[in-house]
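Numbering that gives the first Met the number 0 numbers the first residue of the sequence shown as 0 and each following residue consecutively.
Ideal placement from N, C-alpha and C gives every residue a C-beta, glycine not left out.
Since the model is a prediction, treat every value here as computed from it, not as a measurement.
To start, the structure itself, in structure tokens.
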Amino acid sequence: MTQTPPKSNALVLYKSGPARITSITDKIEIQLPNGKNKRVRDKDILLLHPGPIRSLAELDDPIEGEVEEAWELLGDETTTLNDLGELIFGESTPKTIWASWKIVTDDLYFHGAPDAISGYSADRVQQEQSDRNNKQRAKDEKAAFLERLTSNNLLPEDHQQLSDVEMVALGRSEVSRILRELKREQRPENGHHLLLETGYWGESHNPYPPRMGLETTPAEGDVPELPDEERVDLTHLTAWAIDDEGNRDPDDAISLDGERIWVHVADVAALVTPDSELDLEARSRGSNLYIPEGTLTMLPPRATELLGLGLQERSPALSFSFTLSESSEIEDIEIVTSWIKVTRTTYEDVDKLIEGEEFAPLYNKALQYQQKRVTQGAIRLDLPEVKIRVVDDEITIPPLPRLRSRDLVTEFMLMAGEAAALFSQEHSIPFPYSTQPPPEPGENGEPWPLPESPSEMFGFRRRFQRSQLKSMPERHSGLGMEQYSQVTSPLRRYLDLVAHQQLRAWIQNRPLLDSEALTERVGAAEAVIGNVRRAERFSNRHWTMVWLRRNPEWSGEGVLVDTMKQRGTFLIPELALECKVRLKEPTELNCSVQLKLSEVDLPELTAYFRS
């Protein structure tokens, strides 16, 4: 509030800024720094100097004064704004008064209102000045860092400042101060871009397992020794463990004893009991994580050493035994804990001998069962597959050929899965069943015909519905099976281990997990398994993009599998890679087109090609 009536051309304070009175009637008209006039009430303004001031622009001229001397002279006393102006500048004018008021509101040396201004203590002034200097220094350093960042000229010590960008790139934070300063959208991909640009990450850095919230080190824990318990001696059977070259966790083997089929599976539940430390560790991981750089196991390596089939002279197994009827129905099911003697071999070696004396009987059983599944609607998609490997940062992408030996093993594993599902139903064992609804019907409501060409298989794959784990059996549409449970990889998949724990408990007449406990385990595993599969898929694509970056002149065959306007979706068999390319001319589906690499956006997992 003003102490004396204001007059025209007086300097007043209005909303923390200067104003000049231009006229006084029933209200006071003032001029603001932007040149606009405004009518206000007397209580809306505070008189600073009676004037005259002809223009607020006068206040902008620089002016020198003795601020520290005035502060020291004032000491503990209180003064007015008018007197402070004279202390600092030697006179009281609109210009010196406004400059003095700005010094007061700066809050370093003085504080108060125009009619009562006091100085701060020396300690407070010193601390405030130090704080301001530190803030200014930090601001200057930040500006210098951003300048080095944008000019790609970082110093070694700058890298630690990129940690908040890394947190966004790894999906552990949604906010990065640096990305905000650079006006980049707060996305993991943008963080990845910046870390590549600055050299903080190399192109080989795979962010996807941690971005999916997964453990990035193998499981640890004490693995007990195998319990001394009675087992059926099946070492007289020839048990074949057929895997890829270099496989380190063999957990299944197959035998044929006359017409009786045996599928032997590593007896992991003998060591990993429900709710044990190892069980909880495996549950939290859901499954092994297979990425091109290597494998992150859900169980400690010692478990594989003790239980992997063929890694010891004789191996402990949970063995599934059954026969196939003339109509290929699984009958006479028996499940036992056993000792087996395993012969390890590879898909490639078995494929060469599959029509020979050792493997032809096994393969014929597999074909018999496969034919039954086909008649029940099983869907087989013959799309290109590769096996991406990274060793010492060297990337190889060999094709995964269609081998009859792979079909042999697949069918035996499916037989074991159906046998386990039937056995658990017969004996009322709460069990995890794998199910899959049929693909969505076509526009006419009819089921889709079985795909034959690459484009049909590509389209059919997109119509697949997700498989689901349930506590009651239902049809698995994709496999053409009325009931199915996964039981052949307990070293690698947690729910296979749970199935084994249930079967073992029944065999040994011990308490079973009830349906509620089983459902809890299914839910816990499903919560993480989806992220494991995504991390594997993204990691494979990441390394494919890195390989393309290292081969910028790549060109090769692409098969057109879908079109939309002038864009086509191609499958590149050599890389098992899907990409979109602009079509220069009309092209028929399933035609091969020569594609050439144009650009790779590694963080976006996108490669651009031209035809």
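Reduced DSSP secondary structure (H/G/I, E/B, other) of residue i
i	result
Asn-152	coil
Arg-131	helix
Gly-557	strand
His-191	helix
Thr-1	Because the pLDDT at Thr-1 is just 42, under 50, the model does not fix this residue reliably, and the value given afterwards should be weighed accordingly. Note: Thr-1 maps to coil in three-state DSSP.
Thr-21	strand
Glu-330	strand
Arg-581	strand
Pro-209	helix
Val-670	What the structure shows of the chain is the stretch from 0 to 610, and residue 670 is not part of that stretch, so it cannot be assessed.
Tyr-493	helix
Trp-200	coil
Arg-247	coil
Arg-663	Lying before the first or after the last residue shown, residue 663 is absent from the chain, which here runs from 0 to 610.
Asn-628	One cannot answer for residue 628 here, as it falls past the ends of the chain, which runs 0 to 610.
Asp-232	strand
His-48	strand
Thr-95	helix
Val-174	coil
Residue i - partner residues in DSSP beta bridges
i	result
Tyr-432	Lys-469
Met-563	Arg-566
Val-335	Ser-318
Asp-600	Thr-605
Phe-358	Partner(s): none; Phe-358 has no beta bridge.
Arg-548	According to DSSP, which records beta bridges pairwise, Arg-548 is partnered with nothing at all.
Thr-342	Trp-239
Gly-118	Phe-109
Pro-398	Val-385
Glu-28	Ser-22 and Arg-38
Counted within 10 angstroms of its Cβ, other Cβ atoms place residue i as buried (16 or more) or exposed
i	result
Met-480	buried
Glu-410	buried
Gln-159	exposed
Ser-399	The question names Ser, but residue 399 is Leu in the sequence shown. Exposed: under 16 other Cβ atoms inside 10 Å.
Lys-26	exposed
Lys-94	buried
Val-560	buried
Ala-143	exposed
Met-544	buried
Val-11	buried
Gln-135	exposed
Ile-29	buried
Ser-254	buried
Ile-177	buried
Met-0	Only weak support is given to the placement of Met-0: the predicted model assigns it a pLDDT of 39, under 50, and the question is left unresolved by the model.
Arg-520	buried
Ala-56	exposed
Arg-549	exposed
Ser-129	exposed
Ser-337	buried
Asn-133	exposed
Asn-508	exposed
Asp-248	buried
Glu-417	buried
Glu-642	Any answer about residue 642 is impossible in this case: the structure gives the chain only from 0 up to 610.
Leu-449	exposed
Gln-126	exposed
Lys-371	buried
Whether residue i touches residue j by CB criterion (8 Å)
i	j	result
Ala-534	Pro-208	yes
Asp-221	Pro-489	no
Phe-88	Gly-64	yes
Phe-430	Ala-498	yes
Glu-234	Arg-313	At residue 234 the sequence reads Thr, which differs from the Glu that was named. In this structure, Arg-313 lies closer than 8 Å to Thr-234 by Cβ.
Lys-6	Gly-50	yes
Leu-407	Leu-361	yes
Gly-555	Leu-570	no
Leu-352	Phe-358	yes
Leu-32	Thr-79	Residue identity check: residue 32 is Pro in the sequence provided, not Leu. Cβ atoms of Pro-32 and Thr-79: not closer than 8 Å.
Supposed contact pair residue j and residue i - C-beta distance, whole angstroms, cut 8 Å
i	j	result
Tyr-493	Met-297	6 Å
Ser-318	Trp-239	Actually they do not touch by this definition, with Cβ atoms about 14 Å apart.
Pro-291	Asn-539	6 Å
Gly-84	Ile-96	5 Å
Leu-73	Leu-86	7 Å
Asp-163	Ser-175	5 Å
Ile-396	Leu-574	6 Å
Leu-308	Ala-218	With 8 Å as the limit, Leu-308 and Ala-218 do not qualify as a contact, their Cβ atoms being about 20 Å apart.
is_contact[residue i, chain B] using C-beta, thresh 8 Å
i	result
Ala-268	Protein chain content of the structure displayed is limited to a single chain, and chain B is not contained in it.
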